[in-house]
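Heads up, the thing below is written out as structure tokens.
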Amino acid sequence: MSQIQIILHPVYYFNPNSRTELELISHSQFNSELTPTLHGMWHFRSSHILYLGIVLSAVVIITGCFSYFQEAKSSKIMESFKNMVPQQALVIREGEKMQINAEEVVAGDLVEVKGGDRIPADLRIVSAHGCKVDNSSLTGESEPQSRSPDCTHDNPLETRNVAFFSTNCVEGTARGIVVCTGDRTVMGRIATLTSGLESGKTPIAKEIEHFIHLITGVAVFLGITFFILAVCLGYTWLEAVIFLIGIIVANVPEGLLATVTVCLTLTAKRMARKNCLVKNLEAVETLGSTSTICSDKTGTLTQNRMTVAHMWFDNQIHEADTTEDQSGASFDKSSETWLALARVAALCNRAQFKAAQDQLPILKRDLSVHETEDENDNRYLLVMKGAPERILDRCSSILIQGKEQPMDEEMKEAFQNAYMELGGLGERVLGFCHLLMPEDQYPKGFAFDCDDVNFTTESLCFVGLMSMIDPPRAAVPDAVGKCRSAGIKVIMVTGDHPITAKAIAKGVGIISEGNETVEDIASRLNIPVSQVNPRDAKACVIHGTDLKDLSQDQMDEILRNHTEIVFARTSPQQKLIIVEGCQRQGAIVAVTGDGVNDSPALKKADIGVAMGISGSDVSKQAADMILLDDNFASIVTGVEEGRLIFDNLKKSIAYTLTSNIPEITPFLFFILVNIPLPLGTITILCIDLGTDMVPAISLAYEAAESDIMKRQPRNPARDKLVNERLISIAYGQIGGFLSLSLCSGH
Numbered sequence: 093m094s095q096i097q098i099i100l101h102p103v104y105y106f107n108p109n110s111r112t113e114l115e116l117i118s119h120s121q122f123n124s125e126l127t128p129t130l131h132g133m134w135h136f137r138s139s140h141i142l143y144l145g146i147v148l149s150a151v152v153i154i155t156g157c158f159s160y161f162q163e164a165k166s167s168k169i170m171e172s173f174k175n176m177v178p179q180q181a182l183v184i185r186e187g188e189k190m191q192i193n194a195e196e197v198v199a200g201d202l203v204e205v206k207g208g209d210r211i212p213a214d215l216r217i218v219s220a221h222g223c224k225v226d227n228s229s230l231t232g233e234s235e236p237q238s239r240s241p242d243c244t245h246d247n248p249l250e251t252r253n254v255a256f257f258s259t260n261c262v263e264g265t266a267r268g269i270v271v272c273t274g275d276r277t278v279m280g281r282i283a284t285l286t287s288g289l290e291s292g293k294t295p296i297a298k299e300i301e302h303f304i305h306l307i308t309g310v311a312v313f314l315g316i317t318f319f320i321l322a323v324c325l326g327y328t329w330l331e332a333v334i335f336l337i338g339i340i341v342a343n344v345p346e347g348l349l350a351t352v353t354v355c356l357t358l359t360a361k362r363m364a365r366k367n368c369l370v371k372n373l374e375a376v377e378t379l380g381s382t383s384t385i386c387s388d389k390t391g392t393l394t395q396n397r398m399t400v401a402h403m404w405f406d407n408q409i410h411e412a413d414t415t416e417d418q419s420g421a422s423f424d425k426s427s428e429t430w431l432a433l434a435r436v437a438a439l440c441n442r443a444q445f446k447a448a449q450d451q452l453p454i455l456k457r458d459l460s461v462h463e464t465e466d467e468n469d470n471r472y473l474l475v476m477k478g479a480p481e482r483i484l485d486r487c488s489s490i491l492i493q494g495k496e497q498p499m500d501e502e503m504k505e506a507f508q509n510a511y512m513e514l515g516g517l518g519e520r521v522l523g524f525c526h527l528l529m530p531e532d533q534y535p536k537g538f539a540f541d542c543d544d545v546n547f548t549t550e551s552l553c554f555v556g557l558m559s560m561i562d563p564p565r566a567a568v569p570d571a572v573g574k575c576r577s578a579g580i581k582v583i584m585v586t587g588d589h590p591i592t593a594k595a596i597a598k599g600v601g602i603i604s605e606g607n608e609t610v611e612d613i614a615s616r617l618n619i620p621v622s623q624v625n626p627r628d629a630k631a632c633v634i635h636g637t638d639l640k641d642l643s644q645d646q647m648d649e650i651l652r653n654h655t656e657i658v659f660a661r662t663s664p665q666q667k668l669i670i671v672e673g674c675q676r677q678g679a680i681v682a683v684t685g686d687g688v689n690d691s692p693a694l695k696k697a698d699i700g701v702a703m704g705i706s707g708s709d710v711s712k713q714a715a716d717m718i719l720l721d722d723n724f725a726s727i728v729t730g731v732e733e734g735r736l737i738f739d740n741l742k743k744s745i746a747y748t749l750t751s752n753i754p755e756i757t758p759f760l761f762f763i764l765v766n767i768p769l770p771l772g773t774i775t776i777l778c779i780d781l782g783t784d785m786v787p788a789i790s791l792a793y794e795a796a797e798s799d800i801m802k803r804q805p806r807n808p809a810r811d812k813l814v815n816e817r818l819i820s821i822a823y824g825q826i827g828g829f830l831s832l833s834l835c836s837g838h
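Residues 93 to 838 (our numbering) make up the sequence shown, in order.
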């Protein structure tokens with residue numbers, strides 16, 4: 093570009109008012125007379141080239157600093173997520189206990205773990221004493237799982253005699269033989285699968301590549317045009333080539349890299365204030381391009397805390413308040429039965445019923461014995477809760493309107509109907525009962541023994557039922573509604589039971605009111621499910637066992653024909669299959685996850701979103717973005733910000749490109765009519781990097797259009813960041829208009 097100016101600037105030595113004289117001089121004669129002057133000015137121009145190099149170097153350094161500081165901010169937060177691998181392990185070798193580094197553990201070692209330890213390798217348990225491990229990061233199970241030497245399942249992930257590398261021992265002690273270490277562990281295999289996946293280019297990277305091809309085509313076209321003009325007007329081949337190179341360079345928007353980086357950084361900072369931490373700047377725009385969100389249920393769509401949703405007492409079902417701010421439904425709390433039910437629930441709130449314990453003795457946490465509130469009443473109050481059918485078997489009466497009535501067949505039928513109705517809502521149901529113990533048999537000071545039960549646990553009085561559910565977050569239904577209006581399909585992918593998953597999906601709006609699954613249609617028409625045409629159902633709930641048997645074509649058909657989909661009881665591999673299926677449909681997929689088992693899907697997705705609070709370290713490493721509050725509504729905020737930055741980048745690029753034609757026009761007039769050139773190299777750079785860049789960056793602060801979340805997601809094949817229409821407007825309409833304005837003003 094500076095070489096072009098060496099030819100052009102000497103025109104100033106002619107009298108610009110002597111237009112007639114200029115017209116009489118041929119172009120070749122004009123240039124031959126300038127040659128001595130050009131050689132004399134070479135050293136002067138060399139200093140300008142030095143300034144040009146300094147300016148461009150400064151731009152590169154500043155741009156790099158913006159990217160560095162943003163990445164450094166993410167890295168500082170990620171430093172706290174690197175403590176997953178245990179540092180030490182307690183092994184028994186040749187009968188002696190020794191503490192060694194975890195990486196020194198080998199297959200065949202006998203390892204001892206206790207509450208609070210991380211498992212240093214995959215272990216086969218040989219002895220255990222009350223040992224429980226937290227497998228939530230690996231399997232998604234929120235409850236600690238007991239470990240014992242007994243093989244209870246063919247699936248290694250389900251059996252109790254295997255403890256997995258990097259999971260936590262939460263209580264008790266255990267000893268186990270090391271069976272796998274390093275990459276051969278279950279965790280290692282998942283990590284290998286994750287690292288082997290190719291996530292591909294981000295949408296914004298593809299757009300920038302497309303823009304480079306487009307602007308290169310325009311620059312080469314204009315350069316060749318100027319080259320042909322120069323040759324036709326009598327310039328030498330060397331001079332024409334210099335024009336060609338200069339015009340190509342002049343068409344490159346030097347400030348664009350800095351503009352795009354700064355715009356993405358500013359948006360990333362805005363998103364961080366809204367609880368979305370962006371690890372990769374390009375992910376900012378990717379979220380805005382998302383057309384499908386595969387969301388986890390627990391903790392993302394829900395509050396991740398079990399809450400009473402319904403109660404059955406006085407032979408009626410009552411709805412409880414499950415809202416986060418306790419502003420929801422209420423009921424009459426003056427009933428004597430309600431007071432009794434609340435008392436039992438409060439006194440027995442540590443009781444837990446575990447599956448497959450029907451034949452076990454009463455556990456001390458299943459029941460408790462208390463003194464009554466009445467100082468004149470010396471009787472003890474026994475309270476118990478557990479599985480409704482177990483509790484009912486121990487009851488001979490039921491409390492109705494505060495009075496005990498015999499538990500007859502009619503009341504048992506009413507109980508069964510209520511139990512089935514609450515269970516059908518996907519809620520976990522507990523039964524409650526109590527007994528005022530006879531004072532003559534259990535006098536004041538009686539020594540109750542819950543280990544060796546020395547009191548009655550039969551002929552109790554049934555008080556009522558409570559059903560519990562992990563309720564939706566308050567902001568999620570509105571967020572799902574915004575996604576739907578924005579044309580984004582929200583798919584629930586969970587390891588929970590299909591009934592529970594369906595209930596939550598309906599609660600948050602993933603399955604809209606009025607939309608039915610094939611099971612709903614079959615139930616309404618009282619026909620077998622096999623007789624229902626799947627295409628008649630807009631919604632569907634797919635069980636993991638069914639998903640396993642689906643072919644790729646069947647999977648594609650489900651994703652194409654159903655707008656509202658819930659996948660339940662899914663494995664990590666199935667979640668990955670779901671993501672790949674959505675991508676085959678041409679969707680830009682965002683995936684949320686919090687466990688190690690989610691990391692392959694997070695890596696494969698166009699944008700992986702990990703949970704900042706409940707998420708495992710591996711999931712956070714695999715993801716492109718972290719939700720600091722684990723809230724689905726934050727994703728929708730990120731989508732809006734991503735769409736906004738795409739719109740604003742288009743405006744910035746359009747603004748940047750409009751100056752190219754006015755900058756090129758003086759070259760054209762100089763070639764054609766030999767008028768003095770008003771723009772020098774440094775001047776053009778100052779325009780591109782100084783006056784152009786700041787207004788272009790300021791467009792990143794532009795507010796969103798009112799319909800930004802009502803538009804359909806952009807189609808990457810059609811809706812480009814820079815397309816032919818934008819080029820024609822920037823170069824043809826606005827650029828041409830500015831050029832004509834400058835010429836007419838001159």
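Note that CB positions come from ideal geometry on N, CA and C, so glycine has one too.
Starting from S726 and walking both ways along the alpha helix (DSSP H), at which residues does that stretch end? First-last of the alpha helix (DSSP H) with S726: 724-750.
When DSSP labels each residue in this structure, what does K456 get in the three-state scheme? In this predicted model, K456 has a pLDDT of only 40, less than 50, meaning its place in the structure is not dependable; the value taken from the coordinates is given anyway. Looking at K456 - three-state DSSP - the assignment turns out to be coil, as it is neither helix nor strand.
Beta bridge counterpart(s) of W430 as assigned by DSSP
Bridge pairing for W430: absent [DSSP].
Report yes or no: do the region 530-541 and the region 596-615 share at least 3 C-beta pairs separated by less than 8 Å?
These segments do not touch.
Contact check, V271 vs A181, beta carbons under 8 Å
Contact: no.
inquiry  = Going by beta-carbon coordinates alone, are P664 and D690 separated by less than 8 Å?
reply    = A distance below 8 Å separates the beta carbons of P664 and D690.
- Which value, in whole angstroms, describes the spacing of the CA atoms of D485 and R397? Cα to Cα, D485 sits roughly 29 Å from R397.
Report task. Report the residue from A725, Q179, N193, V203 whose alpha carbon sits nearest the alpha carbon of E186. Result -> The shortest Cα separation from E186 among A725, Q179, N193, V203 belongs to V203.
Handout entry: Other residues of its chain near G268: CB distance less than 7 Å, five sequence neighbours each side excluded
Key = Around G268: V203, L215, R216, I217, V218, A255.
*asked:* Taking the beta strand (DSSP E) that N618 belongs to, which residues open and close that run?
replied: Note, N618: premise wrong, no beta strand (DSSP E); not H, not E.
**Message:** DSSP three-state label for L764, please.
**Reply:** It is helical.
**Prompt:** Which residue comes first and which comes last in the beta strand (DSSP E) that contains V205?
**Reply:** Element bounds for V205: 202-206.
message: I705 and D722 - do their beta-carbons sit closer together than 8 Å?
response: In this structure, D722 places its C-beta atom within 8 Å of the C-beta atom of I705.
Query - Own chain residues within Cβ distance below 6 Å of R520, not counting five before or after - result: Within the same chain, R520 has close Cβ partners M560.
* Alpha carbon of N468 to alpha carbon of D532, nearest angstrom -> CA-CA distance, N468 to D532, rounds to 15 Å.
Whose C-beta lies closer than 6 Å to the C-beta of G824 among residues of the same chain, with five residues either side of it excluded? Excluding its 5 nearest sequence neighbours in each direction, G824 has no C-beta neighbour in its own chain below 6 Å.
Worksheet entry | CB contact below 8 Å: Y327 versus chain C | Although the question refers to chain C, the structure presented lacks it and comprises just one protein chain.
* **Assigned secondary structure, S166 (DSSP; H/G/I helix, E/B strand, else coil)** => Low confidence applies here, because S166 scores a pLDDT of 44, under 50, leaving its location unreliable; read the following figure in that light. Three-state DSSP puts S166 in a helix.
Which one of D246, S229, L230, E250 has the shortest CA to CA distance from R239? Selected option, being the one with the closest Cα: E250.
message: Rounded to the nearest angstrom, what separates E733 and T392 at their Cα positions?
response: Rounded to whole angstroms, E733 to T392 spans 20 Å at the Cα level.
Review point. Can you tell me the Cα-Cα spacing of G556 and G700, whole angstroms?
Key: Their Cα atoms are separated by approximately 44 Å.
What does DSSP give as the partner residue(s) for N193 in the beta ladder? N193 pairs with Q180.
Q) Where Q237 and E263 are concerned, what is the direct C-alpha to C-alpha distance, given to the nearest angstrom? A) Distance between the alpha carbons of Q237 and E263: 10 Å.
Cutting at 6 Å between CB atoms, please list the residues of its own chain near R735, excluding the five before and the five after it. So the list reads G380, I800, once near-sequence residues are dropped.
Through-space distance from S751 to F829, alpha-carbon basis
Going by the C-alpha atoms only, they are around 11 Å apart.
What's the call for A313, buried or exposed, on a 16-neighbour Cβ count within 10 Å?
-> The sequence shown places Phe at residue 313, rather than the Ala named in the question. That one is exposed.
| request: For my contact list, N845 and S726 are in at a C-beta cut-off of 8 Å; report their separation, rounded to the angstrom. | output: Residue 845 is absent from the structure shown; the chain starts at 93 and stops at 838.
Should the region 811-826 be called in touch with the region 300-308, which here means at least 3 C-beta pairs below 8 Å?
Between the region 811-826 and the region 300-308, the count of Cβ pairs shorter than 8 Å is three or higher; the stretches touch.
Practice prompt. Quick one: give me the first and last residue of the alpha helix (DSSP H) that M503 is part of.
Written response: Its alpha helix (DSSP H) spans residues 501-516.
Spatial neighbours of L116 within its chain, please: C-beta separation below 6 Å, excluding the five flanking residues on both sides. Legend: pLDDT at L116 = 38, less than 50; position of this residue unreliable, value from coordinates given subsequently. So no residue of the chain qualifies.
Original post:
If you count every other CB in all the chains shown that lies within 10 Å of the CB of A795, and 16 or more means buried, which is it?
Top reply: Looking at its Cβ environment, which holds fewer than 16 other Cβ atoms inside 10 Å, A795 is exposed.
**Item:** Run of the alpha helix (DSSP H) containing S706, from where it starts to where it stops
**Value:** From DSSP, S706 is part of no alpha helix (DSSP H); its letter is neither H nor E.
Note to self: In the DSSP output, what is S559 paired with across the bridge?
What the structure shows: DSSP, once it has assigned bridges, lists H402, V521 as partnering S559.
**Prompt:** Residue range of the alpha helix (DSSP H) that V681 falls in?
**Reply:** First-last for V681: 681-685, but that is the beta strand (DSSP E), not the alpha helix (DSSP H).
Tell me whether I211 sits in a helix, a strand or coil according to DSSP, three-state version.
Secondary structure at I211: coil, using DSSP grouped into helix, strand and coil.
6 Å CB neighbourhood of D209 in its chain, flanking five on each side removed: Around D209: C261.
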